[in-house]
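Numbering (this note's numbering), first residue to last: 263 to 407.
For each residue, glycine too, the CB sits at the ideal point set by N, CA and C.
As the structure is a prediction and not an experimental result, all values here were calculated from the model.
The next block holds one structure in the form of structure tokens; read it before the comments.
As structure tokens, this is what we get:
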């Protein structure tokens with residue numbers, strides 16, 4: 263038993279996020295009544311507010327990604343799965359907002375995501391999660407091959 267009952271995993275379509283997702287499944291399977299929460303955040307601050315077509319395409323992509331993750335988790339024997347699409351800054355939305363709402367015991371994320379170049383300018387999302395989360399954080403390195 264690991265004691266984690268609400269595991270929140272952040273996915274964005276990157277290979278490292280996919281590995282974090284698989285790792286979250288491993289963690290959930292260690293606890294009989296654990297719940298898996300899968301989130302993806304659309305960073306609305308990085309898009310032009312007039313570009314509604316981009317937002318629609320991104321919502322569709324993320325919706326498909328979350329549905330795929332949910333199906334895969336269920337195929338792996340995880341029955342209690344929730345998915346969330348958030349709009350905003352992923353550095354805030356994951357650890358300061360959603361993690362609080364669902365009372366996350368653990369946040370799982372990849373070391374780098376789709377916007378890995380962002381680390382050099384603003385600081386990575388995973389770094390922000392580690393610094394601001396009120397629960398444990400598992401940062402997963404490497405990608406799924």
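Can you tell me the Cα-Cα spacing of residue 315 and residue 323, whole angstroms?
Position 53 of the chain shown, counted from the first residue, corresponds to residue 315. Position 61 of the chain shown, counted from the first residue, corresponds to residue 323. So the two alpha carbons sit approximately 12 Å from each other.
Specify the secondary structure class of residue 329 as computed by DSSP and reduced to three states.
Numbered from 1 along the chain shown, position 67 holds the residue referred to as residue 329. Residue state, collapsed to three classes: helix.
Can you round the beta-carbon distance between residue 367 and residue 268 to whole angstroms, since I take them to be within the 8 Å contact cut?
The residue labelled residue 367 in the question sits at position 105 within the chain shown. The residue labelled residue 268 in the question sits at position 6 within the chain shown. That belief holds up - the Cβ atoms of residue 367 and residue 268 are roughly 5 Å apart, short of 8 Å.
By how many angstroms is the C-alpha of residue 312 removed from the C-alpha of residue 291?
For the purposes of this step, residue 291 is taken as the residue at position 29 of the chain shown. For the purposes of this step, residue 312 is taken as the residue at position 50 of the chain shown. Each residue's alpha carbon lies about 43 Å from the other.
According to DSSP, simplified to helix, strand and coil, what is residue 385?
Indexing the chain shown from 1 puts residue 385 at position 123. Residue placement at residue 385 cannot be trusted, given a pLDDT of 42 that sits under 50; what the coordinates show is reported in the next sentence. Note: residue 385 maps to coil in three-state DSSP.
Measure from the alpha carbon of residue 356 to the alpha carbon of each residue in 334, 301, 401 and 289, then state which is nearest.
The residue you call residue 356 lines up with position 94 of the chain shown. The option with the nearest alpha carbon to residue 356 is 301.
Between residue 372 and residue 288, how many whole angstroms is the CB-CB distance? I'm expecting something under 8 Å.
Residue mapping note: residue 372 aligns to position 110 of the chain shown, counting from 1. Residue mapping note: residue 288 aligns to position 26 of the chain shown, counting from 1. At roughly 15 Å, the Cβ-Cβ gap does not stay under 8 Å, so residue 372 and residue 288 are not in contact.
I need the boundaries of the alpha helix (DSSP H) containing residue 289, first residue and last residue.
Position 27 of the chain shown holds residue 289. Residues 277-291.
For residue 294, report the span of its beta strand (DSSP E) as first-last.
Indexing the chain shown from 1 puts residue 294 at position 32. It is not in any beta strand (DSSP E) - residue 294 carries neither H nor E in the DSSP assignment.
Are the beta-carbon atoms belonging to residue 275 and residue 306 less than 8 Å from one another?
As a first step, residue 275 must be located in the chain shown, where it is residue number 13. As a first step, residue 306 must be located in the chain shown, where it is residue number 44. Contact flag unset, no.
Taking Cβ positions, are residue 293 and residue 266 nearer each other than 8 Å?
For the purposes of this step, residue 293 is taken as the residue at position 31 of the chain shown. For the purposes of this step, residue 266 is taken as the residue at position 4 of the chain shown. Yes, Cβ-Cβ distance for residue 293 and residue 266 is below 8 Å.
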